[in-house]
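Numbering (numbering that gives the first Met the number 0), first residue to last: 0 to 402. Built from N, CA and C at the ideal position, the CB exists for glycine as well. Remember, it's a predicted structure, so these values are computed and weren't measured experimentally. Notes to accompany the following structure.
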Amino acid sequence: MLKATANSSLLPSPGKIDRYAGQDFNEHVTLENWQESPFNRWGFAHISELITTATIRRGRSSEPSAGNNPATPEHAERWHNVEDFLESTHTDAIVVLQHGKLVLERYFGSFQPHDRHVLMSVSKSLCALTMGILVGRGLIDTQHPVHHYVPPLKGSAYGNATVRHVLDMTAAVRYSENYLDAAAEVQQQDRIAGWRPKLETDPEDTYEFLTLLKAAGEHGRSFQYCSAGTDVLAWIIENVTGKRYAEVVSDELWSQLGTSDDALITTDSGGFAFANGGIASTARDLAKIGQLMLDDGKANGQTVVPSSWINDTMRGGDPQLARGTAYQQVHPNGSYRNQWWAPGDSRGTVYAAGIHGQFIWIDPISDTVIAKFSSDPQPVSLELSRAHAEGFRQMISILEYTS
0 MLKATANSSL LPSPGKIDRY AGQDFNEHVT LENWQESPFN RWGFAHISEL ITTATIRRGR
60 SSEPSAGNNP ATPEHAERWH NVEDFLESTH TDAIVVLQHG KLVLERYFGS FQPHDRHVLM
120 SVSKSLCALT MGILVGRGLI DTQHPVHHYV PPLKGSAYGN ATVRHVLDMT AAVRYSENYL
180 DAAAEVQQQD RIAGWRPKLE TDPEDTYEFL TLLKAAGEHG RSFQYCSAGT DVLAWIIENV
240 TGKRYAEVVS DELWSQLGTS DDALITTDSG GFAFANGGIA STARDLAKIG QLMLDDGKAN
300 GQTVVPSSWI NDTMRGGDPQ LARGTAYQQV HPNGSYRNQW WAPGDSRGTV YAAGIHGQFI
360 WIDPISDTVI AKFSSDPQPV SLELSRAHAE GFRQMISILE YTS
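What follows is the structure, given as structure tokens:
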């Protein structure tokens, strides 16, 4: 059962999820295997010991107050299935906010509250929030073509794509997102980013890699999940601000949220930050991103992201663009907008997701944020996606019942 102190559920509790506790994997974790089970559990929590990183600085810290603890003895039976969900999805950490208050915080194995965990593609959603700030200032027009901001991309797949196409992943690009295929572009990009051993035939850095991608049809016709697009957005952000991507995220987003810890982001040999998947943060701080979405772009009473950008994101995109995708096998009316997933359910849910089970799940009706770190053995699967959707919805149902 979920365990809590007499006062709250805010302290680490090992529960029954104790995989690899006490085992020191660091001697066996390498650049070749850190993304594979069982080594990923150590690797995801020690990214800076494997790959070069830049710092995303925090600002003045503020912590949410404690709310009602749902994991109490009288609700123990109802939480039993939640415990099974957390175990079966290889949870490393989970933080739940309701009405802006901390109602649940759990850590497993050796993971601790101030440990940073790689976010994988949840990083994409933070990139889009940063871009939303710059759009609000008039520095970026989403209807402009990408090459307007990044001239070197004019002859690439992204040359005639608009910023909006890239934000919503409707740019048609010759790019395979098969994480288990060594010949796929996503693995080549991993190698260039320093996430895997580099081959002599690989481009020098991410900047060069993006210029070499080719188009695969007409932009705007359908949804195509492509990690490279987020790095295009980061390149735009760098060019319009004249700063490195990590510095912009620090100044405009992370330092404005009341985060308690610096975040990190991996960088390649050219200093390019891996915007599509390379951020690492604590679970507590990640939950504040979800709270920012629920609070209409405000944090600590101040506007961080324009409400118009938040509202546009929360409304979701066009589900027709995602017809026939694996995504809609899990969420039949799902769409993608501004690098966030919108299941199209009756609750107005939106979420950020990364491979191996990284999530920010936002439920507006119950005013709930769930931030979850995991080290699932598989990068992605329909079963894993369904298990998380069902598990999060069950947790929210219990929260509504007990609040």
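Do P363 and R346 have their C-beta atoms closer together than 9 Å?
Annotated as proximal: P363 and R346, with beta-carbon spacing under 9 Å.
Secondary structure at V95, three-state DSSP: helix, strand or coil?
If DSSP states are grouped into helix, strand and coil, V95 belongs with the strands.
Straight-line gap, G353 to K213 (C-alpha atoms, nearest Å):
Rounded to the nearest angstrom, the two C-alpha atoms are 25 Å apart.
Under 8 Å Cβ to Cβ from G154, same chain only, skipping five residues before and after it: list those, please.
Taking G154 as the centre and dropping the five residues before and after it, the same chain places the C-beta of T210 closer than 8 Å to its C-beta, in chain order.
Taking a contact to mean a Cβ-Cβ separation below 9 Å, would you say R115 touches T281 in this structure?
Between R115 and T281, the CB-CB gap stays under 9 Å.
Assign S374 to one of three DSSP states: helix, strand, or coil.
S374: coil per DSSP, three-state reduction.
Would you list, in sequence order, the uninterrupted alpha helix (DSSP H) runs of no fewer than 4 residues that lie entirely inside the stretch 80-154?
Within the stretch 80-154, the complete alpha helix (DSSP H) runs of at least 4 residues are 121-135, 145-148.
Inter-residue Cα distance where the pair is A321 and E26
Computed Cα separation, rounded: 43 Å.
For the beta strand (DSSP E) that contains Y335, what are its first and last residues?
Y335 -> beta strand (DSSP E) spans 334-336.
Runs of beta strand (DSSP E) lying entirely within the stretch 186-259, each at least 3 residues, in chain order:
Within the stretch 186-259, no complete beta strand (DSSP E) run reaches 3 residues.
Any beta strand (DSSP E) of 3 or more consecutive residues that is wholly inside the stretch 263-339
Qualifying beta strand (DSSP E) stretches, in chain order: 278-280, 334-336.
Neighbourhood of V165 by C-beta, 7 Å cutoff - its chain only, sequence neighbours within 5 removed
Contacts found: V145, Y157, G228, V231, L232.
Use the C-beta contact count for A20: other C-beta atoms within 10 angstroms, 16 or more gives buried, fewer gives exposed.
The predicted model places A20 with a pLDDT of 44, which falls under 50 and marks its position as unreliable, so this point remains unresolved.
Where R385 falls, given that 16 or more other Cβ within 10 Å makes a residue buried:
Exposed, because fewer than 16 other Cβ atoms sit within 10 Å of the Cβ of R385.
Would you decide whether D317 is buried or exposed? Buried here means 16 or more other CB atoms lie within 10 Å of its CB.
D317 comes out exposed.
Whole angstroms are fine: how far does the CA of F38 sit from the CA of G276?
Straight across, the Cα-Cα distance linking G276 with F38 is about 18 Å.
Looking at the secondary structure, which residues open and close the beta strand (DSSP E) in which F358 lies?
Run containing F358: 357-362, per the beta strand (DSSP E) assignment.
With burial defined as no fewer than 16 other Cβ atoms inside 10 Å of the residue's Cβ, what is the status of L381: buried or exposed?
By the neighbour-count rule (16 or more Cβ atoms within 10 Å), L381 is not buried but exposed.
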